[in-house]
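The next block holds one structure in the form of structure tokens; read it before the comments.
Right, dumping it as structure tokens:
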């Protein structure tokens, strides 16, 4: 049985439909309150709709399902369970090959111990806007919520300890290379998929990630030496965990980047300084076009479905934040890779009124006056 959750639909057409392959089960949201990771838990199942939307309902803007991708972890001769991969797509993309326009692909990596189904606010929005979105469940050492219900565990406290150790200890790239392997395996499988493959434009592929998913995403964009996947045309980093990288690693990234943080996490310590310091180091090394913003009033989990569990005024604020994130991410994707419409990420960030630009201002130039150097700020 698979978990899927969504209580927000866009454009009046988020009806759930069942497509070929494993049957998705739609559920209400019940997020577990855990720092660092975004999780999904389900409580009340709702019946999936098969085929076209029933009479009287708007046609669906997207469909979703779970597919499975075989894997064998490097160095492990025993076969491992297949990777569960959530797929969100425009309805036409699930129908198989067609002479119509090919669609862009967004490949998303979740936070440590989380799930590919923990960001439905974004995956649904992008699918409704014409993107095929895939988000796998990574095989992290400790996980709680999963796309496959039978894979879920009650190891919440163990997960918290594992996350703490992950941040404090010297980072072991070899130990966590499985995330890069899994992501590339998923990309290979989706491009070869009998229905989705022929619909994907191989020249319009973007990777994104939240928290530890930022490591996965940026690693395949070149930050992990020797692991560049040149199929990626841009990257989206949502409150990413990048403490394991330095300026030289960031300098190997050669694609457009959108880097978002929560305003209330900027001062969090990350070796050797703060998250703000690290983000500016990365930004300075990235090539143009690049964007660096803080979500006003945002936190680490503001970029996940956990925001939907708030109540009252905070819930209204969370909904507005998620809408702003959706708009900015889509504008960035369309401006850099999508190529449809007159998207402008910088203008969209201003229009939402919820993003603070974090780009450091250049130092005032000094000019020579009367044989002496004087600062413009004097």
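Residue numbers (our numbering): 1387 to 1764.
Idealized CB from N, CA, C, for every residue including glycine.
Expected contact under 8 Å - CB spacing of residue i and residue j to nearest Å
| i | j | result |
| --- | --- | --- |
| residue 1475 | residue 1582 | 7 Å |
| residue 1493 | residue 1573 | 6 Å |
| residue 1591 | residue 1491 | 5 Å |
| residue 1641 | residue 1620 | 5 Å |
| residue 1496 | residue 1596 | 6 Å |
| residue 1470 | residue 1532 | 7 Å |
| residue 1576 | residue 1622 | Not really, about 17 Å apart at Cβ, beyond 8 Å. |
| residue 1508 | residue 1712 | 6 Å |
| residue 1624 | residue 1646 | 5 Å |
| residue 1688 | residue 1707 | 6 Å |
| residue 1498 | residue 1552 | 6 Å |
| residue 1661 | residue 1651 | 6 Å |
| residue 1473 | residue 1451 | 5 Å |
| residue 1637 | residue 1593 | The pair is not a contact, with the Cβ atoms about 18 Å apart (cut-off 8 Å). |
| residue 1710 | residue 1730 | Not a contact, Cβ separation roughly 15 Å. |
| residue 1328 | residue 1566 | For the chain, the structure presents residues 1387 to 1764; residue 1328 sits outside this window and is missing. |
| residue 1449 | residue 1477 | 5 Å |
| residue 1479 | residue 1585 | 5 Å |
Residues that DSSP places opposite residue i in a beta bridge
| i | result |
| --- | --- |
| residue 1742 | 1680 |
| residue 1766 | The chain is shown from 1387 up to 1764; residue 1766 falls before or after that span and cannot be answered. |
| residue 1475 | 1449 |
| residue 1544 | Answer is none; residue 1544 lacks a bridge partner. |
| residue 1455 | 1469 |
DSSP-derived helix/strand/coil call for residue i
| i | result |
| --- | --- |
| residue 1558 | coil |
| residue 1653 | coil |
| residue 1503 | coil |
| residue 1524 | coil |
| residue 1595 | strand |
| residue 1747 | coil |
| residue 1467 | coil |
| residue 1707 | helix |
| residue 1613 | coil |
| residue 1517 | coil |
| residue 1588 | strand |
| residue 1659 | strand |
| residue 1665 | helix |
| residue 1736 | helix |
| residue 1725 | coil |
| residue 1718 | helix |
| residue 1601 | helix |
| residue 1640 | coil |
| residue 1730 | coil |
| residue 1606 | helix |
| residue 1628 | coil |
| residue 1581 | coil |
| residue 1696 | coil |
| residue 1618 | coil |
Span of the alpha helix (DSSP H), counted from its first residue to its last, around residue i
| i | result |
| --- | --- |
| residue 1636 | 1633 to 1637 |
| residue 1511 | 1506 to 1514 |
| residue 1448 | Note, residue 1448: premise wrong, no alpha helix (DSSP H); not H, not E. |
| residue 1688 | Unbroken run through residue 1688: none, as it is neither H nor E. |
| residue 1565 | 1563 to 1578 |
Extent of the continuous beta strand (DSSP E) run through residue i
| i | result |
| --- | --- |
| residue 1491 | 1489 to 1495 |
CB contact below 8 Å: residue i versus chain E
| i | result |
| --- | --- |
| residue 1637 | No chain E is part of this structure, which consists of one protein chain only. |
Check: residue i C-beta below 7 Å from any heavy atom of the ligand FAD
| i | result |
| --- | --- |
| residue 1737 | Within the structure as shown, the ligand FAD is missing, as the structure has no ligands at all. |
State whether the stretch 1552 to 1559 contacts the stretch 1446 to 1459, with contact taken as three or more CB pairs (one from each stretch) at a distance under 8 Å. Using a C-beta cut-off of 8 Å, the stretch 1552 to 1559 makes no contact with the stretch 1446 to 1459, since fewer than three inter-stretch Cβ pairs fall below that distance.
Could you check whether the stretch 1510 to 1517 touches the stretch 1603 to 1620, counting it as contact only if at least three pairs of C-beta atoms, one from each stretch, sit closer than 8 Å? no
Within 8 Å, do at least three Cβ pairs link the stretch 1724 to 1742 to the stretch 1495 to 1505? Counting Cβ pairs under 8 Å, fewer than three are found: no touch.
Is the stretch 1627 to 1645 touching the stretch 1706 to 1725, taking contact as three or more C-beta pairs under 8 Å? yes
Sufficient close CB pairs (3 or more, under 8 Å) joining the stretch 1522 to 1532 to the stretch 1630 to 1637: no
If contact is defined by three or more beta carbon pairs under 8 Å, each pair taking one atom from either stretch, is the stretch 1737 to 1748 in contact with the stretch 1662 to 1681? Contact holds: three or more Cβ-Cβ distances are below 8 Å.
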